[in-house]
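Engineer:
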Amino acid sequence: MRCPDCGWLSDCPHCDAHLVYHRSERCLRCHHCGWRAGVPRACPDCGSVDLQPLGRGTQRVEETLAAMFPQARVARIDADTARRRGAAQDGFDRVHAGEVDILVGTQMVTKGHDFQRVTLVAAINPDAGLFSHDPRAPERLFAQLMQAAGRAGRAGGSGSVPEMLVQTAYPQHPLYAALVAHDYRRFAAGELLERERAGMPPFSHQALLRAEHGRVEQVEAFMASAVELAADAPPGVTVYPPVPAALARVADVHRQQLLVEAASRGALQGFLRRWREALQGLPGRVRWAIDVDPLEY
1 MRCPDCGWLS DCPHCDAHLV YHRSERCLRC HHCGWRAGVP RACPDCGSVD LQPLGRGTQR
61 VEETLAAMFP QARVARIDAD TARRRGAAQD GFDRVHAGEV DILVGTQMVT KGHDFQRVTL
121 VAAINPDAGL FSHDPRAPER LFAQLMQAAG RAGRAGGSGS VPEMLVQTAY PQHPLYAALV
181 AHDYRRFAAG ELLERERAGM PPFSHQALLR AEHGRVEQVE AFMASAVELA ADAPPGVTVY
241 PPVPAALARV ADVHRQQLLV EAASRGALQG FLRRWREALQ GLPGRVRWAI DVDPLEY
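Following the UniProt record's numbering from start to finish, the sequence shown increments by one per residue and tops out at 297.
(1) Run through DSSP, which three-state label would ALA251 get?
(2) By the 10 Å Cβ neighbour count, where 16 or more other Cβ atoms means buried, how is ASP80 classified, buried or exposed?
(3) Do you know how far the Cα of SER204 is from the Cα of GLY266?
(4) Return the CA-CA distance between ALA137 and VAL239, expressed in angstroms with no decimal places.
(5) For ALA177, which of helix, strand or coil comes out of DSSP?
(6) Does the distance from the C-beta atom of ALA123 to that of LEU175 stay below 9 Å?
(7) By the 10 Å Cβ neighbour count, where 16 or more other Cβ atoms means buried, how is VAL20 classified, buried or exposed?
(8) Helix, strand or coil: which one does DSSP assign to TRP288?
(9) Can the beta-carbon of ALA224 be found less than 9 Å from the beta-carbon of PRO242?
(10) Could you tell me whether the segment 185-204 touches the segment 241-255, where touching means 3 or more Cβ pairs closer than 8 Å?
(11) Between THR168 and GLN206, what straight-line distance do the alpha-carbon atoms span, to the nearest angstrom?
(12) According to DSSP, simplified to helix, strand and coil, what is GLY238?
(13) Just to check my reading of the structure: VAL74 and ASP101 have Cβ atoms closer than 8 Å, yes? What is that Cβ distance to the nearest angstrom?
(14) Can the beta-carbon of GLN59 be found less than 9 Å from the beta-carbon of SER10?
(15) How long is the line joining the alpha carbons of CYS12 and PRO235, rounded to whole angstroms?
(16) Could you say which of PRO70, MET68, VAL109 and SER132 lies nearest to ALA88 if we only look at CA atoms?
(17) Does DSSP put ALA211 in a helix, a strand or coil?
(18) Check the DSSP bridge columns for ASP11 and list the partner residues they point to.
(19) According to DSSP, what are the bridge partners of CYS27?
(20) Counting Cβ pairs closer than 8 Å, one from the segment 287-296 and one from the segment 206-219, do we hit at least three?
(21) Can you name, in chain order, every residue of its own chain whose Cβ lies under 8 Å from the Cβ of PRO126, other than the five neighbours on each side?
(22) I'd like to know whether the C-beta atoms of GLY34 and CYS27 end up nearer to each other than 9 Å.
(23) Spell out the partners DSSP gives VAL49 in its beta bridges.
(24) Tell me ALA198's beta-bridge partners as DSSP assigns them.
(25) Quick check on ALA79: does DSSP put it in helix, strand or coil?
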């Protein structure tokens, strides 16, 4: 939640993340550590009672659609509704039985389900995948949207022309142009050209050292030692300075990461072999791991 008067946000006290408002439970909940809090009557900082929920959560979309189409049977399938054993399958069974007119959900509703009579699919504001810190985010976004588009028109039989609507502030983006044309080759060619220009995989090879501990000083000391141990990295192997993880604190555990990059797979593997042995000799109880060819940053 957010206070429009002073900018206060409902932050989790144990994670570097915001608490999510769950209307049905009347609570704020962290989706990373599970911490819960009641919904404040007023802003804790300025006292304003004009607190507002942020984003377009599935609950809000479900409620809005139910109000706009009172005769329609609206159902929602997401991580919250699926917490009870068998709840997600019950929802999918209702869809297959034709007992749902509008289905609201997250990515989970697009994967592996052959829905009949679906004539319209809408993706709400997927633009975050265009400008993520993760270089693979556009690739995942394109795959998800193509998969979602495949939900429409399967054995429809209703005579309607299947459609997909994408809400975006960047309709001219090359990703959406390739999506409209159902042209994966065009999208892949553009992505590969960008990665080649930036020296990103598959035109280079990477590994990510991840470290975490309850005390940030311990993580920083471990990473400083890791950098020292990498001082003799051979030519062609680049060791970048450590940085906080994208979510730097989860459940009071501090996390940092360090990227290693090389033009040659052999050079990277040879360096990692020696470096890992040296890291194993460091004192302390910092948890660490080396992720070769990381899929997430």
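Just so you know, even glycine gets a beta-carbon here, dropped at the ideal spot from N, CA and C. Computed from a predicted model, the values in this text were never measured in an experiment.
Structural biologist: Result, derived from the coordinates:
(1) Three-state result, ALA251: coil.
(2) Per the 10 Å Cβ criterion, buried.
(3) Those two C-alpha atoms are separated by around 11 Å.
(4) About 23 Å.
(5) In the three-state scheme derived from DSSP, where H, G and I count as helix and E and B as strand, ALA177 is classed as helix.
(6) No, they are not a contact pair.
(7) Counting Cβ neighbours within 10 Å, VAL20 comes out buried, since at least 16 surround it.
(8) Judged by DSSP in its simplified three-state form, TRP288 adopts strand.
(9) In this structure, PRO242 lies closer than 9 Å to ALA224 by Cβ.
(10) Not touching, per the Cβ criterion.
(11) Distance between the alpha carbons of THR168 and GLN206 is about 32 Å.
(12) According to the sequence provided, residue 238 is Thr. The question's Gly does not apply to it. Judged by DSSP in its simplified three-state form, THR238 adopts strand.
(13) The Cβ separation is near 7 Å, so the contact holds.
(14) No Cβ-Cβ contact shorter than 9 Å links GLN59 with SER10.
(15) Looking at the two C-alpha atoms, the distance is approximately 43 Å.
(16) Nearest C-alpha to ALA88: VAL109.
(17) ALA211 falls in the strand class under three-state DSSP.
(18) Within the DSSP bridge table, the entry for ASP11 names HIS18 as partners.
(19) In the DSSP assignment, the residues bridged to CYS27 are HIS22 and GLY38.
(20) Judged by pairs of C-beta atoms under 8 Å, the segment 287-296 touches the segment 206-219, as three or more such pairs exist.
(21) Cβ neighbours of PRO126 within its own chain (closer than 8 Å, five residues either side excluded): LEU141, GLN144, LEU145, VAL166, GLN167 and THR168.
(22) Taking the C-beta atoms as reference points, CYS27 is found no nearer than 9 Å to GLY34.
(23) None, per the DSSP bridge assignment.
(24) In the DSSP assignment, ALA198 forms no beta bridge with any residue.
(25) If DSSP states are grouped into helix, strand and coil, ALA79 belongs with coil.
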